[in-house]
Amino acid sequence: MQGKLQEIDIRSILQLIELGQRTGELFVEASPSEYWFVFFLNGRIIYASSTEGSIARLRDYLHRFKAEHTLDHVQIPPKAAVNAPEYNRLWSLLEQHKINPAQGRQILQGMVREVLFDLLSLHHGAFIFEAGAPLAPQLITFEITPLLTEIMTQVQEWKKLHPYLQSPEQAPTIVNSEPLRKNLPEPVFQALSQWSNGKTTIRQMARYLGRDILAVAKAIYPYVRQGAMQLSEFETKKAASGTAPAEDKPAHILCIDDSMAIQKTVEFILQNEGYQVTTIGNPLKALGQVFLLNPDMILCDVAMPKLDGYELCAMLRKSMAFRETPMIMLTGKDGFTDRIKARMAGANEFLSKPFAEKELLTIVESYVGLPPKSIPHNSPTPTSH
């Protein structure tokens, strides 16, 4: 089952999955940089994920239980699903007794509800449902119809807050604290004061408090309307999946592409910025060398002889050594199906060829950061063809 949201809406898609008691995953894409996964078991929702990084959203939810620091030491099981890293971490936290099952269920409920809120607000995009084995193990499953009824009401209520509130990604700032201090209980006022810094979004506040996005929006709406609070668009920085390189050492980028032109382009752009770069043209050779190279990030061509990029990505994701390494798929195609295959193989991003220098640098910097300024731009790095 696949198509465009202009032809069938999300509510109808979810109802069809429920009626058919389908098991598998639904992928919805609003744009190449904005997408969601929803996982099902017998027509019930197990879990839902968003574009947001595999750590950032879960860390927000753990904040409520004062357990966000536990993410820094969590061990991921070797048989974890490659396209649900956040879910893997949550289960690891449960197995290692960092959180209890009740807290895990609350977190999953919040994640599912916020994804449905986003999806039910969509009017344009594409979707595909892939039947398959369910995400396992399951902590809780959610009946679709009652959730749809409740979240649809929230979406309608949210629209009434326009134009003062336009997006859950807006971040409030207090410009006049007196009306808030006068009308709010002291603990609520203190919490709002702490988070209304122009850097904490409405969505994040909802996660911290364990409340729905609409409830938080309604609480601040009167003060935004009065001018006591201002809202600004705040772009949450993508959380890198892997471990950041040491501050005094440039990130090591591995490029696997059978095109010599692409190899040289990537090498030239990234080396000039101070990154360490290794390029390999043969995917089988890359598979043999990648464990020795231990790169901080992998750029991988989709269409290669003997072993395509999807297979290579999926194979590496099954290894504990590369479970968290950022992987970017390079392709001459820019089709919806290609992007889905990349996501399902465990890729973090999808970069269409030919790409501009700025596009490549932006995506690399978002995952491994800027290289140390002390690294010379012409520093020699190993290359293997």
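Residues in the sequence shown are numbered consecutively from -15, following the numbering used here. For each residue, glycine too, the CB sits at the ideal point set by N, CA and C.
Quiz item: Per DSSP, which one or two residues make a beta bridge with H236?
Solution: Here the question's residue 236 lines up with position 252 in the sequence shown. Beta-bridge pairing by DSSP links H236 to Q260.
Quiz item: When the Cα of V76 is compared with those of L123, G182, L345, I(-8), which residue comes out closest?
Solution: Residue mapping note: residue 76 aligns to position 92 of the sequence shown, counting from 1. Looking at the sequence provided, one finds Ser at residue 76 rather than Val. The shortest Cα separation from S76 among L123, G182, L345, I(-8) belongs to L123.
Self-check item: Sequence-distant residues of the same chain with beta carbon closer than 6 Å to E251, five excluded per side
Solution: For the purposes of this step, residue 251 is taken as residue 267 along the sequence shown, with counting starting at 1. Once the five neighbours on either side are set aside, the close Cβ partners of E251 are V261, T263.
Quiz item: Going along the chain, which residues of its own chain have a beta-carbon closer than 6 Å to the beta-carbon of Y19, five neighbours each way excluded?
Solution: Position 35 of the sequence shown holds residue 19. For Y19, where only same-chain residues beyond five positions count, the Cβ hits under 6 Å are E13, T35.
Quiz item: What do you get for N332, buried or exposed, if any count of 16 or more other CB atoms within 10 angstroms of its CB means buried?
Solution: On the sequence shown, residue 332 is found 348 positions in, with the first residue counted as 1. When all chains shown are included, N332 counts as buried.
Exercise. Can you tell me which of Y259, G265, G258 puts its alpha carbon nearest to the alpha carbon of S243?
Key: Residue 243 sits at position 259 when you count from the first residue of the sequence shown. Looking at the Cα atoms, G265 is the closest of the given residues.
Practice problem: Please determine, among L(-11), I158, D280, G94, the residue with the shortest C-alpha to C-alpha distance to C239. | Solution: The residue you call residue 239 lines up with position 255 of the sequence shown. Shortest Cα-Cα distance from C239 to any of L(-11), I158, D280, G94 involves D280.
Quiz item: How long is the line joining the alpha carbons of L371 and P171, rounded to whole angstroms?
Solution: Look at the range of the chain in this structure, -15 to 369, and you will see that residue 371 is not part of it.
Practice problem: Flag this pair as yes or no: are the beta carbons of L106 and L(-11) separated by less than 8 Å? | Solution: For the purposes of this step, residue 106 is taken as the residue at position 122 of the sequence shown. For the purposes of this step, residue -11 is taken as the residue at position 5 of the sequence shown. Closer than 8 Å, so yes.
Quiz item: What's the gap between the Cα of Y351 and the Cα of I312?
Solution: Within the sequence shown, numbered from 1, the residue matching residue 351 stands at position 367. Within the sequence shown, numbered from 1, the residue matching residue 312 stands at position 328. One C-alpha to the other measures close to 10 Å.
Quiz item: Can F49 and I83 be called in contact, C-beta distance under 8 Å?
Solution: Position 65 of the sequence shown holds residue 49. Position 99 of the sequence shown holds residue 83. Result yes, Cβ atoms of F49 and I83 sit closer than 8 Å.
Quiz item: Bridge partners of P389, per DSSP?
Solution: Lying before the first or after the last residue shown, residue 389 is absent from the chain, which here runs from -15 to 369.
Practice problem: Just confirm the distance between the C-beta atoms of F113 and G8, as a whole number of angstroms; I'd bet it's less than 8 Å. | Solution: To locate residue 113, count along the sequence shown from 1; it is residue 129. To locate residue 8, count along the sequence shown from 1; it is residue 24. With 8 Å as the limit, F113 and G8 qualify as a contact, their Cβ atoms being about 6 Å apart.
Quiz item: If you drop the 5 nearest sequence neighbours on each side, which residues of the same chain put their C-beta closer than 7 Å to that of L288?
Solution: Here residue 288 is taken as the residue at index 304 of the sequence shown, counted from 1. Strictly speaking, residue 288 in this sequence is Met, with Leu absent from that position. Closer than 7 Å at Cβ, skipping near neighbours: D242, P267.
Quiz prompt | Extent of the continuous beta strand (DSSP E) run through D285 | solution = Counted from its first residue, the sequence shown places residue 285 at position 301. Start and end: 281 to 285.
Quiz item: The beta strand (DSSP E) spanning E13 covers which residue range?
Solution: On the sequence shown, residue 13 is found 29 positions in, with the first residue counted as 1. Taken as a continuous stretch (DSSP letters only), the beta strand (DSSP E) holding E13 covers 8 to 15.
Practice problem: Assign L10 to one of two classes, buried (16 or more other C-beta atoms within 10 Å of its C-beta) or exposed (fewer than that). | Solution: Locating residue 10 in the sequence shown gives position 26, counting from the first residue. When all chains shown are included, L10 counts as buried.
Practice problem: State the CB to CB distance for the pair E70 and S33, rounded to an integer number of angstroms; the pair is presumed to be in contact (CB under 8 Å). | Solution: Start at 1 with the first residue of the sequence shown, and residue 70 comes out as number 86. Start at 1 with the first residue of the sequence shown, and residue 33 comes out as number 49. Right, the Cβ-Cβ distance comes to about 6 Å (below 8 Å), so this counts as a contact.
Quiz item: If you compare alpha carbons, which of Y294, A305, P156, L300 is closest to K314?
Solution: Position 330 of the sequence shown holds residue 314. At residue 314 the sequence reads Leu, which differs from the Lys that was named. By alpha-carbon distance to L314, the top candidate from Y294, A305, P156, L300 is Y294.
Self-check item: C-beta atoms of I253 and L344 nearer than 8 Å
Solution: The residue labelled residue 253 in the question sits at position 269 within the sequence shown. The residue labelled residue 344 in the question sits at position 360 within the sequence shown. Their beta carbons are under 8 Å apart, which means I253 touches L344 by this criterion.
Practice problem: Please name the residue, chosen from V286, E308, E349, I(-3), that lies closest to S336 on a Cα-to-Cα basis. | Solution: Within the sequence shown, residue 336 is the residue found at index 352, counting from 1. With distances taken between Cα atoms, S336 lies closest to V286.
Quiz prompt | Those residues which DSSP pairs with I312 across a bridge | solution = Against the sequence shown, residue 312 aligns to sequence position 328. Per DSSP, L283, E333.
Self-check item: Collapsed DSSP secondary structure at Y148 in the structure displayed
Solution: Locating residue 148 in the sequence shown gives position 164, counting from the first residue. Reduced to three states, the DSSP call for Y148 is coil.
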